[in-house]
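> Have a look at this one.
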Amino acid sequence: MSKFTPAAIILTGAGGASGAYYYAPKPSNKPTSSIIKVKFKDKYKAALLNAKENGDSQLWKKKWDLMQEKEPTHPKLKESLQKKDQNLHKEACQEIYSSSVMATPYFFDFKNYCSKNNQDGLGGSWIADGSESKPKPKNKWDDKLTKLKSAKKDDLSKALLSLHIKLNPQEEKGKSNPFTVKDENRKELKDWCDYFASEMFFGEGGIDVKSAKEYCIE
459 MSKFTPAAII LTGAGGASGA YYYAPKPSNK PTSSIIKVKF KDKYKAALLN AKENGDSQLW
519 KKKWDLMQEK EPTHPKLKES LQKKDQNLHK EACQEIYSSS VMATPYFFDF KNYCSKNNQD
579 GLGGSWIADG SESKPKPKNK WDDKLTKLKS AKKDDLSKAL LSLHIKLNPQ EEKGKSNPFT
639 VKDENRKELK DWCDYFASEM FFGEGGIDVK SAKEYCIE
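Each residue of the sequence shown is one higher than the last, beginning at 459 in the numbering used here.
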């Protein structure tokens, strides 16, 4: 969930699965003129793709492939698809980087085709197993859930704290039930990891990043 969403998205009523995750930006004490001048390359510095030769080449290819099935808004991104020109893709992203984030129509272009998400930025091998139980090899979510069950509450993001509580139900006095991972537990952890992996990368700090490293990455 990002507090950095431009006002344009709120004003236009972005909805659906993606829109549901966004909140309005917090009020700022800065003069309006200063806010309007804030550019993508300044506000979302950690998420920018390196456009130099061979810089982030695999990520550029990944974003290019993703864009083939979509309809971008930025004119030069559209042109890059029409001409099948990946250099135009990079040029369009550079133009977005240098543009204002205020009232922009290009936020989702930036997020989807011109920036790193958390999976890109954090790297590593993100768990790809489904949520169903399996005998051999054991579902990779099981060890993560066992670890999450015994985690300290202060070390968990809000979403994983909720799951942690579910994994530790209050037991009746004198009874001790063995811990068993359920499909619904795997699904809840997997859904959070998948969501967080797809969100924009803001750097290595924060409790969500710490939780993702512990419970989403092998």
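The beta-carbon is built from N, C-alpha and C at its ideal position, and this holds for glycine as well.
This one's a predicted model, so the numbers in the text were calculated from it and none came from an experiment.
Take every Cβ of the region 578-597, pair it with every Cβ of the region 655-666, and state whether three or more of those distances are shorter than 8 Å.
yes
> Which two residues bound the contiguous alpha helix (DSSP H) that contains Thr-604?
Looking at the DSSP string, the run of the alpha helix (DSSP H) that includes Thr-604 is 598-607.
> When DSSP builds the beta bridges, which residues end up paired with Met-560?
None; Met-560 has no bridge partner.
> Report the three-state DSSP secondary structure of Asn-545 (helix, strand or coil).
helix
> Beta-carbon separation of Asp-601 and Val-639 under 7 Å?
no
> Kindly indicate the opening and closing residues of the alpha helix (DSSP H) around Asp-514.
It is not in any alpha helix (DSSP H) - Asp-514 carries neither H nor E in the DSSP assignment.
> Please report how far the alpha carbon of Ser-608 lies from the alpha carbon of His-622, in whole angstroms.
8 Å
> Within 10 angstroms of its Cβ, does Ala-561 collect 16 or more other Cβ (buried), or is it exposed?
exposed
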